[in-house]
Amino acid sequence: MELKYPVLLVSKKKKSVHVELTGSHLGKCTNAALKGGYFNQMEIYDSNGRHYKVDEVVGVKPLNAVWRWPLEVLMFNSRLFKAELKTTLVSQLELKEFKSVVAEVVNEQKESWESGVGREAMLNDLAAANCIEDVIRIFRPEN
Numbered sequence: 001m002e003l004k005y006p007v008l009l010v011s012k013k014k015k016s017v018h019v020e021l022t023g024s025h026l027g028k029c030t031n032a033a034l035k036g037g038y039f040n041q042m043e044i045y046d047s048n049g050r051h052y053k054v055d056e057v058v059g060v061k062p063l064n065a066v067w068r069w070p071l072e073v074l075m076f077n078s079r080l081f082k083a084e085l086k087t088t089l090v091s092q093l094e095l096k097e098f099k100s101v102v103a104e105v106v107n108e109q110k111e112s113w114e115s116g117v118g119r120e121a122m123l124n125d126l127a128a129a130n131c132i133e134d135v136i137r138i139f140r141p142e143n
């Protein structure tokens with residue numbers, strides 16, 4: 001899977017949206033997340049408009065060196081892992097299509113957005129975005 005970063009990870013099952021800026025943390029998770037099926041039915045959208053679905057986790061390895069494990073357990077109550085994801089390319093989206101997909105996600109999860117920046121503000125930012133990368137960056141926590 002060749003991704004152009006940043007990417008948007010959408011889990012309709014878990015009702016979560018997450019941005020990864022680089023490939024170094026794509027697949028980062030805890031043991032509980034793996035066992036709970038965090039990556040099941042997850043969709044990945046890259047900055048080129050490619051839409052992938054995660055088929056399965058095909059491999060898992062520790063994210064960090066052994067000496068960092070105690071710190072991970074203190075911070076996350078678990079060691080951190082990097083899951084290797086098997087994906088399938090679903091489609092190639094143009095900006096208008098991508099905005100429509102993202103608006104649908106925001107509207108489906110409106111309770112989540114109303115408690116933060118607000119759904120209307122996100123939809124306004126979405127309408128003003130000039131490229132797919134701008135749309136993805138709307139979901140960065142720094143915004």
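Taking the working numbering, the leading residue of the sequence shown gets 1, the next gets one more, and so forth.
Glycine residues also receive a C-beta, built at the ideal position from the N, C-alpha and C atoms.
In this text, all values refer to a predicted model and were calculated from it rather than measured experimentally.
- For E120, the closest of G37, E104 and N130 by C-alpha to C-alpha distance is E104.
- Cα atoms of V7 and V90: separation of roughly 15 Å, rounded to the nearest angstrom.
- Setting aside the 5 residues that flank it on each side, L34 is surrounded in the same chain by V57, V60, F81 and A83, each with a C-beta closer than 8 Å to its C-beta; the list follows chain order.
- Within the stretch 85-120, the runs of alpha helix (DSSP H) at least 4 residues long that lie entirely inside it are, in chain order, 95-108 and 110-114.
- Less than 7 Å divides the Cβ of V102 from the Cβ of V135.
- For L26, the secondary structure class from DSSP, reduced to helix, strand or coil, is coil.
- Looking from the CA of S16, the closest CA among N40, E2, N31 and S24 belongs to N40.
- In the displayed model, L8 falls within a strand according to three-state DSSP.
- Residue state for R137 is assigned as helix, using DSSP reduced to three classes.
- Nearest neighbour of L63 by Cα position, chosen from I44, C29, S47 and N48, turns out to be C29.
- DSSP, read as helix, strand or coil, puts A33 in helix.
- Residue pairing from DSSP places G59 in a beta bridge opposite E84.
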